[in-house]
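Each residue of the sequence shown is one higher than the one before, starting from 721 at the first, in my numbering. Remarks on the structure that follows.
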Amino acid sequence: MYAELVARSNFSFLRGASHPEELVAAAAHDGLSAIALADLDGLYGAVKAHLCAKDLGIRFLIASQITLTDAPPLVVYVQDADGYKNLCRLLSFSRLSNPKGQAGVSWRILAEHARGLCALIPFPPVEGGQAPEVFHDLSDAFRGRLYVGVTRTLCAGDEARVLASQALARELGVPLCAHNDVHTHTRARQKLQDVLTAIRHGVSVGQCGRRLFPNAERTLKGPAEMARLFDDLPEAVGRTLEIADGCRFSLDEIRYQFPEQDLPPGKDANAHLRDLTLKGLHFRYPNGIPEAVQKQVAHELDLIEKLDVAGYFLAIEDIVRFAREQGILCQGRGSAANSAVCYALQITAIDPVRMGLLFERFMSMERKEPPDIDVDFEHERREEVLQYVYQRHGRHQAGMVCEVICYRGKLALREVGKALGLSLDQVDRLSRALDGWMHEGVTPQMLVAAGLSPDDPRVRLTVQLAGELEGFPRHLSIHVGGFVITKDPLIDIVPIENAAMKDRTVVQWDKDDLSALNILKVDLLALGMLTAISKCLQLIRQHHGRDLSLATIPPEDPKVYEMLCNGDAIGVFQVESRAQINMLGRLKPRTFYDLVIEIAIIRPGPIIGDMVHPFLRRREGLEPVSYPSEEVRAILEKTLGVPLFQEQAMKLAMVAAGFTPAEADQLRRILSHKRAEELLIPYRSKFVEGCVRRGYPREFAESTFRQFKGFANYGFPESHSASFALIAYASAWLKCYYPAAFAAALLNSQPMGFYAPHTIVDDARRHGVTVRPVDVQHSDWDCTLEPSESSAGGVALRVGMRQVKGLREDTARRIEAARGEGFSSVADVARRSRVPRHELARLALAGAFRSLAAGRREALWELQALGPLEEDDLFFGIPLDGVEVELPPLGVAESLTADYETTGLSVDRHPLELLRPQLDARRAVTAAGLSKVPAGRRVSVGGMVICRQRPPTARGFTFLSLEDESGIANLVVEPDLFERYRQEVVSSIFLYAEGVVERAGRVVNLKVRRLEPLRYDGERRMGAPVPLGHR
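Here it is in structure tokens:
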């Protein structure tokens, strides 16, 4: 028998070539008694290994290799709860006391935290002589729980290392323990291990030399193989079981407690929560609390008390209240919107009782996971909320959840290609050509199209190993908003470390790890649209004198829905994508619930489950709607008999198939699992036979379950869709009635949304908004509104200096502060604002001096003719004597190119105006004209590519949006045509397309038959092509 005590997973970051689950699964398969992950200075992969070990019935030991600043490293193993706390503290000290990415503690700190731990010296020094004194000190500290490691990896120096281990063990009077210094779960991963070593050292594999392992023997080996390897030291193999038997701690023993809130005298958390909920109900229902709401709230509060999570709700309420007091827009989303208590506490904005939402989707007695409340905040002000949490709970009790950043297609290809010695040009071509296509299979034609030989063994190996590297952890980042708040010190529960961002600490586990151990997290998320709405409301107050809030925006406005039915949704939250705009013209939303469905229906779940077309046919009256029972009608009537939401799947399982609430929730969780297809297999017969026993037709049961399978990995909660629909409607209303303020707010909230600034500006102009260029005399940092009788709403949009690339906000603020009554010349701007010359040159190239009668060339000439622009120079900004010259203005094409190069947009003209003569000569129609062409007619269009999408659910179809001076044309490219025109689709800035017009409702598409790039001289200075999206 044997237990592997030194195994490194890929969570040792470029030092191990196997996932934790792969190592555990291989250990179970090979018959090992136990396995320990000895990853470097962290427990990053411990939960994943723990869960896998539980599933496979093998013991998993909690361990880590500790970097010591004054001694060789030690591997330490957790024996009990005290040992676990000590290991977490050691790892936290090691990380927090060093710059991010580094670790190390002194042996004395290790010795102070030795209780509950045993230790292994994995790699004794081979030099000979007496053991370092520190080893004797560590032996005293661990008191019979210190071991010396011994390895045989079948390479030169093996026996010297064995002798060194034996000598050290004798000197210290401690036992020998065998291990294999495992880096892979199979020898087949050795090539990847070599590549990881090369990446870590920043060289090619050929340059690594002795830094590579000489063979593939550092792989997981079974008991028999280890016994043969150490047939002269059988006690060293047996001792692995001694260590394993002494390590009885499991991660399941972690006892997490949420911190107690400040409570009124004489009140516990549950009583205080009831008081706040009742107060909130009176606010929500000023004309009286409906009986159904009272019953639901009572049920929820009883369950919250039984599950002992009142403190969690109080903490979220406290955070949301803080945000409201600071004027920060926020709104809860996800399954929390199923809760009437959350609605009463103003955490969420959807009335779950009125909408008939399923509370059990959020929490229940049967669920084995904690409730999860997600709250969105303005993305530019979320940091205020995060710092409030740190201040409120203390940095010892609060830390952010980590997100593991993994190698993906392009980066994996680049890193592996460089490691295998491909030239930078080959690496660039390979990564550009194959990014996003690794999972679909790389064909020889793709490599040829990229100018690479499919027969080159290095290219083939790069593609193979990049596929293996995909999904490997690269580094830790911060989760988008997850916070862990604890009653006990956080470092007793999970190791923490410094984040890259100042004043942030991060735990070593991600959200899935924490959920698996029932550790509650608070999700404080950033949402750009809330920032845009907040800024838009401020502009409306400032320029229109109307004081609005999210809650007071007029509901159910027919004009707003008419706008959406026309596909006029650029900038509108959640419905501005190419697919959503198409669906708007077919679904034709006329009510809020239509918008809820609109948001949910363009998701992989409904598409894969073949729910979209039946729903649309029924909505259009082309297919009858029938229900096998009144109970099913009550569940599916809102969605015309088609289950679109997870809650409906749960209700159907209970009503039609007789599932218990716990079984229905288990089904819901499986539908969200990455192995859903596999895990659903045993549920099929249970569901179908349950339906048949209750008198439902087998055909209904089979078709319903097929639709359930479509939810796998992609199910959408109705509550989540409803929460997003509120924001979608608000943004649509603002766009409809205040287009200038809405466009300005979108521009001032970048980066966010689906489209580039030039598309937002062009859309505003199509809505009658006058857009004025950036100008030092009038522009602030942000885009602003100015009076204009000719513009929609009586205000024009002035482009802000934030749009000028290479210009800092501080620079713009200096110009604003210096402006006063206005500038008189370019020299006056330079002298009074004291802005560096290179930033003034960016403004000049952007045409920002035009109001001073200075064209782009004149402004640049004047800047060059100025004296020194260093602030401490006596002659700062004084014009030097020079020759006055008359400079010709830039041509139309040059001006347009300069606009896009400096600001990414043009307020004077659309780039397609330059190409219109070419297109007219070919009788191409405009995007606006395309909407008037009958279905079936062959036509051609041209435009700037503003959106490319190839969703995984689209069966290989690619969707393009071409924008011209009149609007946007939607193109559909079939899979075979995509392969023929791959280069044009992926990399062209302007495209000419021929095809056949298709119509569905108000949606007009061009089914492409031929593509070619359109060219004009300045296009390459306009920026990179819009990337091909896979969503």
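Backbone N, C-alpha and C fix where the C-beta goes; we use that ideal spot for every residue, glycine too.
- Looking from the CA of Cys808, the closest CA among Ser729, Ala1579, Glu962, Ile782 belongs to Ile782.
- Here Ala1532 is buried: its Cβ has 16 or more other Cβ atoms, across all protein chains shown, within 10 Å.
- The Cβ atoms of Leu1583 and Arg1552 do not sit closer than 8 angstroms to each other.
- Within a 10 Å sphere around the beta-carbon of His749 sit fewer than 16 other beta-carbons, which makes this residue exposed.
- Here Cys875 is exposed: its Cβ has fewer than 16 other Cβ atoms, across all protein chains shown, within 10 Å.
- The beta carbons of Ser753 and Tyr804 sit no closer together than 8 angstroms.
- Residue state for Asn1286 is assigned as coil, using DSSP reduced to three classes.
- Setting aside the 5 residues that flank it on each side, Phe1203 is surrounded in the same chain by Leu1106, Val1109, Ala1118, Gly1119, Met1120, Val1121, Lys1241, Val1242, Asp1243, Leu1244, each with a C-beta closer than 8 angstroms to its C-beta; the list follows chain order.
- Per DSSP, reduced to three states, the secondary structure at Glu1683 is strand.
- Non-local beta-carbon contacts of Glu980 in its own chain, meaning distances under 8 angstroms to residues more than five positions away in sequence, involve Ala989, Gly1031, Lys1207 in chain order.
- When only Cα atoms are considered, Ile786 and Asp1212 end up about 17 angstroms apart.
- The beta carbons of His856 and Leu892 sit about 7 angstroms from each other, so the pair counts as a contact at 8 angstroms.
- Per DSSP, the continuous alpha helix (DSSP H) segment holding Gln1638 begins and ends at 1632-1641.
- Secondary structure note for Glu1582: it is in no beta strand (DSSP E), and the uninterrupted alpha helix (DSSP H) holding it is 1576-1585.
- Taking 8 angstroms as the cut-off, the Cβ atoms of Leu757 and Ser729 count as close.
- CA-to-CA, the gap between Gly958 and Pro1215 works out to about 31 angstroms.
- Comparing alpha carbon positions, the residue from Thr871, Val1017, His1019, Lys911 closest to Asp951 is Thr871.
- Within the same chain, Ala1384 come within 6 angstroms of Met1374 by CB-CB distance, once the 5 residues on both sides are set aside.
- Judged by pairs of C-beta atoms under 8 angstroms, the segment 1296-1313 does not touch the segment 1051-1060, as fewer than three such pairs exist.
- Comparing alpha carbon positions, the residue from Gln1703, Val1665, Leu1284 closest to Arg1722 is Leu1284.
- Pairwise C-beta distances place the segment 1676-1685 out of contact with the segment 1650-1657, as fewer than three of them are shorter than 8 angstroms.
- Here His739 carries a coil assignment [DSSP, helix/strand/coil].
- Beta-bridge analysis with DSSP links Tyr867 to Leu840.
- When DSSP states are grouped into helix, strand and coil, Phe1543 belongs to the coil group.
- With contacts defined by Cβ atoms closer than 8 angstroms, Leu1364 and Ile1317 form a contacting pair.
- In the three-state reduction of the DSSP assignment, Ile1709 falls in the coil class, being assigned neither a helical nor a strand state.
- Here Asp995 is exposed: its Cβ has fewer than 16 other Cβ atoms, across all protein chains shown, within 10 Å.
- Counting C-beta atoms within 10 angstroms of its own C-beta, Ala880 has fewer than 16 neighbours from the protein chains shown and is therefore classed as exposed.
- Beta-bridge annotation (DSSP): Ile1688 is paired with Glu1683.
- Between Pro1459 and the set Ile1447, Ser1439, Arg1485, the nearest pair of CA atoms involves Arg1485.
- Non-local C-beta neighbours of Gln1165 in its own chain, meaning closer than 8 angstroms and more than five positions away in sequence, comprise Glu1699, ordered along the chain.
- The continuous alpha helix (DSSP H) containing Ala1445 extends over residues 1438-1457.
- For Gln785, the enclosing beta strand (DSSP E) begins and ends at 783-786.
- If you keep only unbroken alpha helix (DSSP H) runs of at least 4 residues inside the segment 1490-1541, you get 1529-1539.
- Distance from Ile1036 to Leu1446 at the Cβ level is roughly 18 angstroms; contact not present, criterion being Cβ atoms closer than 8 angstroms.
- Counting along the chain, the unbroken beta strand (DSSP E) around Gln1051 starts and ends at 1050-1053.
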